[in-house]
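Quick mapping for you: the protein sequence lines, in order, are chains F and B. Quick note: the first sequence uses this note's numbering, first residue 152, plus one each step. Quick note: the second sequence uses this note's numbering, first residue 18, plus one each step. From the three backbone atoms N, C-alpha and C, an ideal C-beta is built for every residue, glycine too. Since the structure comes first, as structure tokens, the remarks are kept for the end.
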Amino acid sequence: MLLKNTYDVVIIGSGPGGLAAAVEAKKEGAQDVLVIERDVELGGILLQCIHNGFGLEIFNEDLPGPSYAQRYIDESLALGVETLLDTIVLEVTPGRKIYASSKKYGFVEINARAIVLAMGCRERTRAMIRIPGMRPAGVFTAGTAQRFVNVEGIMPGNKFVILGSGDIGMIMARRLTFEGAKVERVLEILPYLSGLTRNYVQCLQDFDIPLQFQHTVKFIHGKKRVEAVEIAAVDENWNFIPGTEELIPCDTLLLSVGLIPENELSRKVGVELDPITGGPYVDESRQTNVPGIFAAGNVVHVYDLADWVTLAGYEAGKGAAKFAMALRAKETAHIPVNAGKNVHHVVPQSINKYVLEQDEIELQLRVLKPIEDRSVIEVHDGNHQIVRRVVRYVRPGEMNTIKLKPRHFADVEKASSLTVDVSPR
Amino acid sequence: MVEKRKLICISCPVGCELTVTLDGDNILEVEDNACKLGLDYAQQEIFDPKRMVATSVKVKNGFHPLVPVYTEHPIPKPMIKDVLAEVRKVEIEAPVDFNQIVIENVLDTGVNIIASRNMPKV
Chain F
152 MLLKNTYDVV
162 IIGSGPGGLA
172 AAVEAKKEGA
182 QDVLVIERDV
192 ELGGILLQCI
202 HNGFGLEIFN
212 EDLPGPSYAQ
222 RYIDESLALG
232 VETLLDTIVL
242 EVTPGRKIYA
252 SSKKYGFVEI
262 NARAIVLAMG
272 CRERTRAMIR
282 IPGMRPAGVF
292 TAGTAQRFVN
302 VEGIMPGNKF
312 VILGSGDIGM
322 IMARRLTFEG
332 AKVERVLEIL
342 PYLSGLTRNY
352 VQCLQDFDIP
362 LQFQHTVKFI
372 HGKKRVEAVE
382 IAAVDENWNF
392 IPGTEELIPC
402 DTLLLSVGLI
412 PENELSRKVG
422 VELDPITGGP
432 YVDESRQTNV
442 PGIFAAGNVV
452 HVYDLADWVT
462 LAGYEAGKGA
472 AKFAMALRAK
482 ETAHIPVNAG
492 KNVHHVVPQS
502 INKYVLEQDE
512 IELQLRVLKP
522 IEDRSVIEVH
532 DGNHQIVRRV
542 VRYVRPGEMN
552 TIKLKPRHFA
562 DVEKASSLTV
572 DVSPR
Chain B
18 MVEKRKLICI
28 SCPVGCELTV
38 TLDGDNILEV
48 EDNACKLGLD
58 YAQQEIFDPK
68 RMVATSVKVK
78 NGFHPLVPVY
88 TEHPIPKPMI
98 KDVLAEVRKV
108 EIEAPVDFNQ
118 IVIENVLDTG
128 VNIIASRNMP
138 KV
């Protein structure tokens, strides 16, 4: 694939939001659509979510994450969406230039008429929730463990404690059990579930994995590798209740303690972020405060269902395509006015065909060489003369003019360019 | 003997908490279901609980070492462990096609194990 200099819509990220935006942008009429993905393949985090439960809203089917992704990958490629894989976007400018570093192309600079931010979200880490204790190996976010187990084929441990009852945590509890590991406990600091009830039923209850509300990790033990976690009950203010401590021997602690929209690029380009959601402020077309920059999916706010991310992606893709096409129309609205035979230059250098409302347009020009005799100044579109004017002589030292009158505007509108020639009569 | 049982419907992300009134092998009433899926779920869950199972199989010469697979339809819940053991025995060769059958009629359940995505050859 040859990378183009300018695209109608460039989408950053190829998860459910990005792919939906790409598909919809194409369907809305955008011609050149590019998806930039930092991984080596399309699909985003869906590829590691091998459990089913995707597509219930959109396809009325119960699909695993990779199948859900595959449908959108196949559809976007069939529609002619271009992709740039193994590429990390370094910066987006308010003028919608994208700087990226690509394995294949090196440093790349791409112009976009519209951009969709679809970078998704990141997991909160141990440092962000400040769990006290030693710093041994064996503390992972649930999503990292999910990638290890489901894509790389590596088991991150044997005996697990999972902190947080988010969906990924509960799904990993079942997944690890499938792979022969023992999940000792799932802890939730809140008095209620963070994830979906159906995941509690089919991931924890089905496999007798104990879940404790209002409990959290008080201390991580272990020098090189996690050896145990000390847990305790908390009150409604999240203070530990003395005397409730319990030591659970384990070799791995998984954290499923929340997701944060990933907005480093958005911040840099001046996209205003809502401190409540952590994502950009958007309008109904998912446009941010920076014209032509749209955002959709978990980058805006964290969803429970990929299906809803897809729907948000459709909105952003549609908005971005409309924006890009309006811009494209404006760009092609200008008819260049060229200096032709014996003409040094012409001003104005172009005419906006959508604003042919004024009485007349005067073209000012200077000739290259004098003609000391009656001369013709002619404006043509390459094939047909539009207007001509006869003058007594032309000299480089004396500027000449020729007027386009309303009666010429119909011809001007049809022209792809205008040329001014000056020749002896 | 009439008894009441509480179930959480897992047919969709809503997760209705159902109250099922049961007389031996007969469901007399299902309450608090938001839609008709809850009725089928209660019937199924009480007499023959089934689950979708998603896991992965090893793949030779693949772009990744594993390819995700799943049961095309739900399988009986008590068979999950055996089905997983069966899937673990399999190693397939890349390339793998999206929806390719990896195990046909696994353990006579009438359900195929199929690939969740394609897996190109390296």
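Taking 7 Å as the Cβ-Cβ cut-off, the stretch 58-80 of chain B approaches chain F at 68, 69, 71, 72 and 73, given in chain order.
By the 16-neighbour rule on beta-carbons within 10 angstroms, residue 33 of chain B is buried.
Taking 8 Å as the CB threshold, residue 217 of chain F lines the interface with chain B. Secondary structure in the stretch 296-381 of chain F: the alpha helix (DSSP H) runs of 4 residues or longer, each lying completely within the stretch, are 318-329 in chain order.
Beta-bridge partners of residue 292 of chain F (DSSP): F:406. In the DSSP assignment, residue 40 of chain B falls within the beta strand (DSSP E) that extends over 34-40. In the structure shown, residue 28 of chain B adopts coil according to DSSP, grouped into three states. Within the stretch 37-90 of chain B, complete beta strand (DSSP E) segments of at least 3 residues are found at 43-48, 71-77 and 83-88, given in chain order.
For chain F, the residues of the stretch 26-50 of chain B that bring a beta carbon within less than 7 Å of one of its beta carbons are 27, 29, 30 and 32, in chain order.
Residue 82 of chain B has a beta carbon lying within less than 8 Å of a beta carbon in chain F.
When DSSP assignments are scanned along the stretch 89-135 of chain B, the uninterrupted stretches of beta strand (DSSP E) that are 3 or more residues long and fall wholly within it turn out to be 108-110, 118-120 and 130-132. Taking the CA atoms as reference points, residue 168 of chain F sits about 8 Å from residue 462 of chain F. In the DSSP assignment, residue 572 of chain F falls outside any alpha helix (DSSP H) and within the unbroken beta strand (DSSP E) covering 569-575. Residues of chain F whose Cβ lies closer than 8 Å to the Cβ of residue 135 of chain B are, in chain order, 221. Here residue 318 of chain F is buried. Its C-beta has 16 or more other C-beta atoms within 10 Å. With 16 or more other Cβ atoms from the protein chains shown falling within 10 Å of its own Cβ, residue 68 of chain B counts as buried. Within the stretch 187-269 of chain F, complete beta strand (DSSP E) segments of at least 3 residues are found at 233-235, 238-243, 248-253 and 257-268, given in chain order. Taking 8 Å as the upper bound on Cβ-Cβ separation, chain B lies near no residue of the stretch 232-260 of chain F. Looking at the backbone, the Cα of residue 411 of chain F and that of residue 487 of chain F are separated by about 49 Å.
Nearest neighbour of residue 493 of chain F by Cα position, chosen from F:480, F:178, F:472 and F:530, turns out to be F:530. For residue 441 of chain F, no beta strand (DSSP E) encloses it, and the DSSP letter there is neither H nor E. A residue is called buried when at least 16 other Cβ atoms come within 10 angstroms of its Cβ; residue 221 of chain F meets this threshold and is buried.
In the displayed model, residue 413 of chain F falls within coil according to three-state DSSP, outside both helix and strand. Taken through DSSP and simplified to helix, strand or coil, residue 543 of chain F comes out as coil. The residue among F:392, F:501, F:384 and F:289 with its C-alpha nearest the C-alpha of residue 400 of chain F is F:289. Residue-level contact check: residue 93 of chain B does not touch chain F, since none of the beta carbons of chain F fall below 8 Å from its beta carbon. Interface annotation for the stretch 453-468 of chain F against chain B: 455 and 456, criterion Cβ-Cβ distance under 8 Å.
For residue 469 of chain F, the uninterrupted alpha helix (DSSP H) segment begins and ends at 457-482. Annotation: residue 202 of chain F to residue 448 of chain F spans about 20 Å, alpha carbon to alpha carbon.
In terms of beta-carbon proximity, residue 352 of chain F lines the interface with chain B, with at least one pair separated by less than 8 Å. For residue 400 of chain F, the enclosing beta strand (DSSP E) stretches over residues 397-400. Cβ neighbours of residue 547 of chain F within its own chain (closer than 8 Å, five residues either side excluded): 495, 517, 518, 519, 520 and 521.
Where residue 487 of chain F is concerned, there is no enclosing alpha helix (DSSP H), although the beta strand (DSSP E) around it starts and stops at 485-490.
If you ignore the 5 residues before and after residue 539 of chain F, its C-beta comes within less than 6 Å of the C-beta of 527 and 529, all in its own chain and listed in chain order. By the Cβ test, the stretch 422-432 of chain F is not in contact with the stretch 246-263 of chain F, since fewer than three Cβ pairs between them sit closer than 8 Å. Around the beta carbon of residue 394 of chain F, fewer than 16 other beta carbons sit within 10 angstroms, so the residue counts as exposed.
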